[in-house]
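Worksheet: one structure, shown below.
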Amino acid sequence: MYINVLGAGLAGCEAAWQAAQRGISVRLFEMKPNKMTPAHKSTDLCELVCSNSLKAARVESAAGLLKEEMRRIGSLLIECADRCRVPAGGALAVDRELFSGLVTEKIRSHPLIEVIEEEVTDFPKDSVTVAATGPLTSDALAEKIAEKCGGSLHFFDAAAPIVTKESICMEKAFAASRYDKGNDSAYINCPMNKEEYEAFHEALVHGERAPRHDVDVQNPKVYEGCMPVEILAQRGKDTLRFGPMKPVGLRDPKTGHRPWAVVQLRNENAEGTLYNLVGFQTNLKFPEQKRIFGMIPALRNAEFVRYGVMHRNTFLDAPRVLCSDYSMKEEPSLFFAGQMTGVEGYMESASSGMMAGINAVLRLHGQDTVTLPDVTMIGALARYIADGSVKDFQPMGANLGILPPLFDPPRDKKLKAAAYAERSLKELEKLLPLGTV
Numbered sequence: 011m012y013i014n015v016l017g018a019g020l021a022g023c024e025a026a027w028q029a030a031q032r033g034i035s036v037r038l039f040e041m042k043p044n045k046m047t048p049a050h051k052s053t054d055l056c057e058l059v060c061s062n063s064l065k066a067a068r069v070e071s072a073a074g075l076l077k078e079e080m081r082r083i084g085s086l087l088i089e090c091a092d093r094c095r096v097p098a099g100g101a102l103a104v105d106r107e108l109f110s111g112l113v114t115e116k117i118r119s120h121p122l123i124e125v126i127e128e129e130v131t132d133f134p135k136d137s138v139t140v141a142a143t144g145p146l147t148s149d150a151l152a153e154k155i156a157e158k159c160g161g162s163l164h165f166f167d168a169a170a171p172i173v174t175k176e177s178i179c180m181e182k183a184f185a186a187s188r189y190d191k192g193n194d195s196a197y198i199n200c201p202m203n204k205e206e207y208e209a210f211h212e213a214l215v216h217g218e219r220a221p222r223h224d225v226d227v228q229n230p231k232v233y234e235g236c237m238p239v240e241i242l243a244q245r246g247k248d249t250l251r252f253g254p255m256k257p258v259g260l261r262d263p264k265t266g267h268r269p270w271a272v273v274q275l276r277n278e279n280a281e282g283t284l285y286n287l288v289g290f291q292t293n294l295k296f297p298e299q300k301r302i303f304g305m306i307p308a309l310r311n312a313e314f315v316r317y318g319v320m321h322r323n324t325f326l327d328a329p330r331v332l333c334s335d336y337s338m339k340e341e342p343s344l345f346f347a348g349q350m351t352g353v354e355g356y357m358e359s360a361s362s363g364m365m366a367g368i369n370a371v372l373r374l375h376g377q378d379t380v381t382l383p384d385v386t387m388i389g390a391l392a393r394y395i396a397d398g399s400v401k402d403f404q405p406m407g408a409n410l411g412i413l414p415p416l417f418d419p420p421r422d423k424k425l426k427a428a429a430y431a432e433r434s435l436k437e438l439e440k441l442l443p444l445g446t447v
């Protein structure tokens, strides 16, 4: 008895691990290193292509609650993330190379997981399968998915640039977390006055973008959370000041005042030698990125170790084709997991892989599959992507708004979030261990 898992990204590795931990052999297919995409740089499994942040760590938040639920179920990725953590204020951020390396070691050393390094161009028919090939699915398999699912939707995802710490002019920057929360070394803030900001905004709006043949560059269909900064800038002069460049919660110690605008840089690795430009996903040409981002006073001599890139992302019209256990309505032995299902975010993708892997085992044994209660974040996300009442389906990340309302909610926002978390974890504990047969 075995199951197939297609793709060794976050969702695929989590699915494979969950199945193997329940005593089922897994054939994990991964086309790297024989075939790489433009966005992939490492030959390791579970590569973090965009940010190194896994979002908020505190359990009294949507992202933190999701991670705590996964932690209690026995997530491989949360275990590895906790071991590879780097300072990031209130967020759980990881050294991406250490993280991918540790996941790779765990997966390859598991006695029930066989990693098969080859491209899959069609769905295996020999056993239960979890398809977790992600937003960068190869063209051949993407065509098969479109045929099977009656078409698919596309949007375009973008990654932010990374600079070296030593090249940041600290005379023009200061280290601090918003409202003095968390470790001050987690963020470096690059302030701008009004004149500097307006010149930067003007250059950004008119910056030359990299050509794309598969998207309308002037009006790409991009998930809001990954909107290129130059597209945001086009929406108005102050859009960035109320978005990725908002100065709230920060005070420049050199002036004693809140800056007009701020570019935040977040710690990227354990050594603290690399920082990424928070919220600065972009499709600008590389020379334009160096020129325009060099207008930020603290980054005038910045050394870019990675420029921002924009790449294709694909997701299904999930409410029409998937059940809340992540299986296909028309083909129960085929599960999907990851961003392709319409969950948005690293840990959201991993949580879908977790549930798809558990349910693949249950299906293999002829048992009923599991969907967690909607009061849990994992369960709410699963039910959202399978909600047939959703007409214009778009990706969804963890947020408290998808949870059922509290019976008697506190007025204080923090207390309210804590009450959501307490309710979720209490219900989850009743179901553990999950997916045993």
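In terms of the numbering used here, the sequence shown opens at residue 11 and continues consecutively. By construction, the Cβ of each residue, glycine as well, lies at the ideal position given by its N, Cα and C atoms.
Beta carbon of G445, beta carbon of L372: below 7 Å? Numbered from its first residue, the sequence shown carries residue 445 at position 435. Numbered from its first residue, the sequence shown carries residue 372 at position 362. Cβ atoms of G445 and L372: closer than 7 Å.
Take E278 as the anchor and find which of V36, Y12 and R106 has the nearest alpha-carbon. Here residue 278 is taken as the residue at index 268 of the sequence shown, counted from 1. Among V36, Y12 and R106, the Cα nearest to that of E278 is on R106.
CA-CA distance, E70 and A150? Translated into the one-based positions of the sequence shown, residue 70 becomes position 60. Translated into the one-based positions of the sequence shown, residue 150 becomes position 140. The alpha-carbon atoms of E70 and A150 are separated by roughly 42 Å.
Verify whether the separation of the beta carbon atoms of G355 and A196 is less than 7 Å. If you number the sequence shown from 1, residue 355 lands on position 345. If you number the sequence shown from 1, residue 196 lands on position 186. No, they are not a contact pair.
Compute the distance between the beta-carbons of L294 and Y285, then report whether it is under 7 Å. Your numbering for residue 294 matches position 284 in the sequence shown. Your numbering for residue 285 matches position 275 in the sequence shown. Contact: no.
Roughly how many whole angstroms lie between the Cα atoms of G161 and L326? Against the sequence shown, residue 161 aligns to sequence position 151. Against the sequence shown, residue 326 aligns to sequence position 316. Each residue's Cα considered, the two are about 8 Å apart.
Which of helix, strand or coil does DSSP assign to M180? As a first step, residue 180 must be located in the sequence shown, where it is residue number 170. In the structure shown, M180 sits in a helix (DSSP, three-state: H, G or I).
Thinking just about the alpha-carbon of each residue, which of A280, G282, L242 and V288 is nearest to the one in V272? The residue given as residue 272 occupies position 262 in the sequence shown. Checking every option, the nearest Cα to that of V272 belongs to V288.
Report yes if the CB atom of M364 is closer than 7 Å to the CB atom of E57, and no otherwise. Translated into the one-based positions of the sequence shown, residue 364 becomes position 354. Translated into the one-based positions of the sequence shown, residue 57 becomes position 47. Not a contact, by the Cβ cut-off of 7 Å.
Provide the residue span of the alpha helix (DSSP H) that contains V371, from first to last. Along the sequence shown, read from residue 1 onward, the residue named residue 371 stands at position 361. Counting along the chain, the alpha helix (DSSP H) containing V371 begins and ends at Y356 to L374.
Which residue comes first and which comes last in the beta strand (DSSP E) that contains K65? Taking the first residue of the sequence shown as position 1, residue 65 is located at position 55. K65 -> beta strand (DSSP E) spans S63 to A66.
Since Q349 sits in a beta bridge, which residues does DSSP pair it with? For the purposes of this step, residue 349 is taken as the residue at position 339 of the sequence shown. Bridge partners of Q349: none, in fact.
Residue environment, L442, which counts as buried when at least 16 other CB atoms sit within 10 Å: Taking the sequence shown and counting its residues from 1, the one referred to as residue 442 is at position 432. Its Cβ having fewer than 16 others within 10 Å, L442 is exposed.
Give, in chain order, every unbroken run of the beta strand (DSSP E) that is at least 3 residues long and sits entirely within the stretch 263-300. 271-277 and 284-287
With distances taken between CB atoms, is the gap from T324 to I395 smaller than 7 Å? Taking the first residue of the sequence shown as position 1, residue 324 is located at position 314. Taking the first residue of the sequence shown as position 1, residue 395 is located at position 385. No, they are not a contact pair.
Given 8 Å as the limit, is there contact between the stretch 50-66 and the stretch 103-121, that is, 3 or more CB pairs closer than that? yes
Can you give me the start and stop residues for the beta strand (DSSP E) that Y207 sits inside? Working through the sequence shown from its first residue, we reach residue 207 at position 197. Note, Y207: premise wrong, no beta strand (DSSP E); alpha helix (DSSP H) at K204 to V215.
Classification of V258 by the beta-carbon crowding that lies within 10 angstroms, buried from 16 upward: Translated into positions along the sequence shown, residue 258 becomes position 248. Exposed.
For the beta strand (DSSP E) containing L16, list its first residue and its last residue. Stepping through the sequence shown from its first residue, residue 16 is reached at position 6. Looking at the DSSP string, the run of the beta strand (DSSP E) that includes L16 is Y12 to L16.
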